[in-house]
Every structure is written in C-alpha cells, then in structure tokens.
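In this note's numbering, the protein residues as written are 925 to 1533.
For every residue, glycine included, the Cβ atom is placed at its ideal position computed from N, Cα and C.
Notes for the one structure printed next.
Here it is in structure tokens:
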C-alpha cells in the first residue's frame, strides 16, 4: 500500500467541513456535509477501499509538484511543472458572508505548454461501508452518486464530458496553454446556481477569495511572524462551525501518533479545552465574533446539563454526544495503524480542567467585548459551585489518560483558574456570588499545588500528587498567572522540562514509559511523538522568563517543522515527520500565543494576559 506523508497536504473548507488535498492533486480525506459526518473520500486511511478524487498529469515522470495558498485565503493551488507544460489545480469550498455552499470546486488550468491530465472521482460513502454507484444524467457532464442502491447524496458537475468506470467517474483532459476545466462536487439537495457552471465557478471563486481576504484583513497582529500567525488563524477559522459556533480539535480522525500503533483517535469534535484556547488566540488577533458565537454555544450546552453533573469534555459540532466510540475494522489504517476509530470515548471522562479553560475564555472575552449576560453568569456560578465541591478528587487529566485516575496537576491548576477568574468577574460587575467560599476554595487549591505537587528531588512541579514524573502541562502555570515567570521555583521547573521533556526544542507531553518499571503511564501501548503545542508553550515560557535568544532560536526551529503551506499536525516524530490528526487547532493557537509573547519580549514590553 502507498500512503502520502501526513504533512504533504493542504486543507480547504467552508466553515461546515474540510477536505485534505495532497500535493499530488488528490483529495484523500473529506467528510460531508459536516466535519463530523461520515466520509466521502478516505484513501488517506485505506488506499484500496477509502475512495478519492484525483486530478493528476498522466505522465508524472520528471514533474515537480508544488502547493501554495492564495495570499490571506484558504484557496489552495497545486502546480505540476515539467518541461513540456505546467498545469495547476485550484481547490476551494465556496463560502461568502452569506454562508457556505455545500460544494467542493476544482479548477484545472494549463498555464503553459501542453498537459494531459487524468481525473478520477471515486466516492466511498459512510466510511467506505456503503455500496456506491455512479450514473450519468441526460447531460453527460453531470453524474449522480447513489448509496446502497437508493439515496443519491452527491453529484459531480463538469465543464467537460464524463465517463463511468464502475462506481467512479473518469475523464482524460488534453489541455493547451490557456485551457481551463472545472468540476463541482456538491450535495444533490443543493440547488444549482442560476449561472451556467462556468459562471458559477468564476463567481464563487471571486466571492470565496473576497471572503477570506476580508477576514484576514481584520487581524490586528503586526509582529515579526505575520505570515505564519495569519496562516494559523486561517487554519483555526477553518475548524470553526459557522452554523453552531463550535470549534473542532482537528480536521481528521485516525491519523496515528505512532506509525503502526494504536494511538489513533477521532478529533473531529469540539473539545471545550481546545475551543476555549482557540477563542483566546483569535481574540488576540481581533476576532471577537468567534468568541461570542462559541460562548453562546457553550451556554446552550450548559442549559442542557444539570448543575450537579460533571463537566462534559467534548461534543459533536451541533452539541450532541460524541461518546460512542467505534472501531472501523474494515479499514487498513494509515500505514497499517489500527484500529481506526470514530467517536471518542473520552467524552465519558472526568476532566476537572474543562471548567477552568471555559471560564478563562469567558473572562478574556469579557475584556474584549460585552459583559456576560445574567443567564450566562448564572450558569457560570453553578459550574463554580460544583467545582468547589469536587476539585479535590482524581480525574483523567488534560491528556485524557486511559489508565487509572490520579490527582493530576492539570485538574488542580485549571480549577484554580476557574475560581480565580470567576472572582475577578464578580468584582468587576458586582455580580452576586458566594465570594467567601470561592476565595477559600481558590486558596486551598493553590496551597495544595504549592505544597503537594512540588518535588524537592526534581526541583519541579510534577504531573500528579505523590508522583515524580514531569508533565508539559506545567508550562501553563505562568501563562495562566498562577506563578511569576521569574519565581525561583518556576525557573527550576522550566529547567527540568528542558532536561527531561525537551529535545532540541521539541517537547513531549509526558514520559510515556516510567523508566523504573517500564509501565505505560497513560494506559496505552507504544510511544508518541513530541507534542507540537507543548513545544510552542515552551517557547512562550522561555520568552516570559527573559531567555529571549533561546526562545527565538527554538521558535525558528519549530517553524521549520511546518509543512510546505504552514500547517502542523498534532505531533512531530523523531525524523521530523508529522504525526497525529491534521491540522490541529491546539498547535496553531499555541503558535499564535508564542509569537505574541516573543514579540513582546524582543521589544522589551511586559507579557500580556
């Protein structure tokens, strides 16, 4: 089997779903109509069964392929260049200020010389579990795809005649300089535009480019790394739902944290943690609408939940449960990495950090926009009251450990954040709150962290109470203002992270295996790569600690791991390869935060909150 590198992809989307486009011109991952819907193309996880939509030169020998985004947009261009000619494929999903169009548009243009191009569109619906058939309409430029002999969910329209090859659609294009051909794969229920197909492709392209350019122009970032910061912002925007306000953890499922291993998860859901951090990153850039939309979405989730219930970790885009985890045993997995899972059982876990991340996002949104409504404040106080009762107990941790529950630092630290921020908002707006109880709880949490999570032997704060292992979550301590960036205990902890978790700036979340007894601390087999978000957190902590030259060097090294269009997967392997789901929101928001902190440190300005 042949699988492209994870990092060999660009991503496009319409704020409902996304598609991955390989540098060879193949759409090999596409879920429709939402990002958490079943797949249409999935050859990235099984190149025999998964289905794909490829547009490639017939003779690829001697050709060089390059990808780029049109500036300040999520419109992707793949170019195939050879001595006899050059052809480019422009991929996008139409989106305007009025909303998305449920379509994937592919424009093929011969730039110079001559080119012969083979097109093959082969959907495999329902995670490649459904039978799929293709049928030409009376117009040989339109094909409908039916599922299980009945429903016809999608059609392909083209500006050239198409042919049927089993359940696939094929076409061979002989192009000369200036020739252009277009394809639109769309929902059958979506009414075709009143324009002819060529007119729709031209007008939707202009409107989509305008949408993304206009959105990019709203950014207030003027620092040294504008291009990388804005590409990260555009990636984060692709992971937001225009309809619901939810923000995805990543665009994909099943991409492995270890090639051939079992660490293969579904990240196409809204983690309260990741989404709250994303809101903060976007607000820093001036994008407050996304924050308001997300907070409204979280209020709906809170309204659905009893005040006495523990916080839920993750949701489907529309707020439904995502807890039903299923193994797709018919799929080979990316480079034999099995099982391939959809759904995520982490939704059943207890993660005490969730409340803190959400309340911190609300606190920061409050600083940039209107005060929280009375209804939102009521829901917030219910969550804080619950936390006051339950903070001092074992949980599954911020990294969703599938081993035994422990008293993790992440739960204590973010519980402290939740109560601290709630107290700040209560004072600012004179909102009713049991202030005495909240203060006592906040101080009790802080005392426990300082006294019981500090290791004299390690000279560092440790992963869980009573343990002696490190966890990169400790890097959040100065970032959430729990400890000063120049505090001796913090500087000692930062040094310990550099010694034990970092290798040339790449930081692991934690040591997967305990060196003393070779037991996997997270309840899983195998290893994982360096966690890219933690690596950017490390840069930010170095900058805040005044180690500016070291921080800048490490930041530039991390930027060198970005793929050819500036995107990151969840992890980086020993050989510099991307691992895990792609692109990952947590990584891109951490990049934005690190760039801000490093800019301020270089300019000699105090770190912002």
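Taking the C-alpha atoms as reference points, what is the distance between residue i and residue j?
i: residue 973; j: residue 1047; result: 10 Å
i: residue 1443; j: residue 1382; result: Any reading at residue 1443 must be qualified, since the residue scores a pLDDT of 49, below 50, and its modelled position is unreliable; the value itself is stated next. So the two alpha carbons sit approximately 20 Å from each other.
i: residue 1363; j: residue 1477; result: 41 Å
i: residue 1052; j: residue 1090; result: 15 Å
i: residue 983; j: residue 1040; result: 8 Å
i: residue 990; j: residue 1328; result: 47 Å
i: residue 1316; j: residue 1449; result: 29 Å
i: residue 1407; j: residue 1413; result: 9 Å
i: residue 1092; j: residue 1504; result: 30 Å
i: residue 1441; j: residue 1380; result: For residue 1441, the predicted model reports a pLDDT of 47, less than 50, meaning its position is unreliable; a value from the coordinates is still stated below. The alpha-carbon atoms of residue 1441 and residue 1380 are separated by roughly 22 Å.
i: residue 1369; j: residue 1339; result: 8 Å
i: residue 931; j: residue 1493; result: 7 Å
i: residue 1474; j: residue 1526; result: 11 Å
i: residue 1418; j: residue 1282; result: 26 Å
i: residue 939; j: residue 1026; result: 10 Å
i: residue 1481; j: residue 1044; result: 39 Å
i: residue 1246; j: residue 1268; result: 6 Å
i: residue 1219; j: residue 1405; result: 22 Å
i: residue 1285; j: residue 1257; result: 36 Å
i: residue 1210; j: residue 1144; result: 6 Å
i: residue 1099; j: residue 1034; result: 6 Å
i: residue 1107; j: residue 1396; result: 46 Å
i: residue 1271; j: residue 941; result: 21 Å
i: residue 1206; j: residue 1019; result: 20 Å
i: residue 1288; j: residue 1203; result: 9 Å
Just mark residue i as buried or exposed, buried being the case when its beta carbon has 16 or more other beta carbons within 10 Å.
i: residue 1023; result: exposed
i: residue 1496; result: buried
i: residue 1029; result: buried
i: residue 899; result: The requested residue 899 is not part of the displayed model; the chain covers only 925 to 1533.
i: residue 1007; result: exposed
i: residue 985; result: exposed
i: residue 1123; result: exposed
i: residue 1223; result: buried
i: residue 1499; result: exposed
i: residue 1520; result: buried
i: residue 962; result: buried
i: residue 1547; result: Outside the displayed span of the chain (925 to 1533) sits residue 1547, for which this structure offers no information.
i: residue 1392; result: exposed
i: residue 1191; result: buried
i: residue 1336; result: buried
i: residue 1250; result: exposed
How close, in whole Å, do the beta carbons of residue i and residue j come, if the pair is a contact with beta carbons under 8 Å?
i: residue 1160; j: residue 1512; result: 6 Å
i: residue 1264; j: residue 969; result: 6 Å
i: residue 1132; j: residue 999; result: 6 Å
i: residue 1078; j: residue 935; result: Their Cβ separation, rounded to whole angstroms, is 20 Å, which puts residue 1078 and residue 935 out of contact at 8 Å.
i: residue 1507; j: residue 1174; result: 7 Å
i: residue 1009; j: residue 1037; result: 3 Å
i: residue 959; j: residue 1241; result: 7 Å
i: residue 1423; j: residue 1455; result: In fact, because the Cβ distance is near 17 Å, the residues do not count as touching under 8 Å.
i: residue 1275; j: residue 1243; result: The Cβ separation is near 18 Å, so there is no contact.
i: residue 1112; j: residue 1076; result: 5 Å
i: residue 1164; j: residue 1214; result: 6 Å
Looking only at its chain, what residues have a beta carbon closer than 7 Å to the beta carbon of residue i, apart from the 5 residues adjacent to it on each side?
i: residue 1399; result: 1421, 1458, 1461, 1462 and 1465
i: residue 1376; result: 1389
i: residue 1439; result: Low confidence applies here, because residue 1439 scores a pLDDT of 48, under 50, leaving its location unreliable and the question unanswered by this model.
i: residue 1479; result: 1463, 1518 and 1522
i: residue 1297; result: none
i: residue 1308; result: 1342, 1343, 1346 and 1362
i: residue 1248; result: 1267
Under 6 Å Cβ to Cβ from residue i, same chain only, skipping five residues before and after it: list those, please.
i: residue 1510; result: 1198 and 1457
i: residue 1235; result: 1278 and 1279
i: residue 1330; result: 1318 and 1388
i: residue 1087; result: 1094
i: residue 1259; result: 927 and 1183
i: residue 1300; result: 1223
i: residue 1166; result: 939
i: residue 1409; result: 1402, 1468 and 1469
Excluding the five sequence neighbours on either side, which residues of its own chain have a C-beta within less than 8 Å of the C-beta of residue i, listed in chain order?
i: residue 980; result: 948, 949, 950, 1004, 1041 and 1042
i: residue 1366; result: 1340, 1343, 1344 and 1347
i: residue 1385; result: 1333, 1373, 1377, 1378, 1379, 1398, 1401, 1413 and 1417
i: residue 1065; result: 1081, 1082, 1083, 1084, 1085, 1086 and 1121
Whole alpha helix (DSSP H) elements within the segment 1148–1178, 4-residue minimum = 1150–1162
query = Could you give the uninterrupted runs of the alpha helix (DSSP H) lying entirely in the segment 1290–1315, keeping only those of 4 residues or more?
reply = 1298–1314
ask   = Along the chain, which unbroken stretches of the alpha helix (DSSP H) at least 4 residues long are found entirely within the segment 1003–1060?
value = 1049–1052
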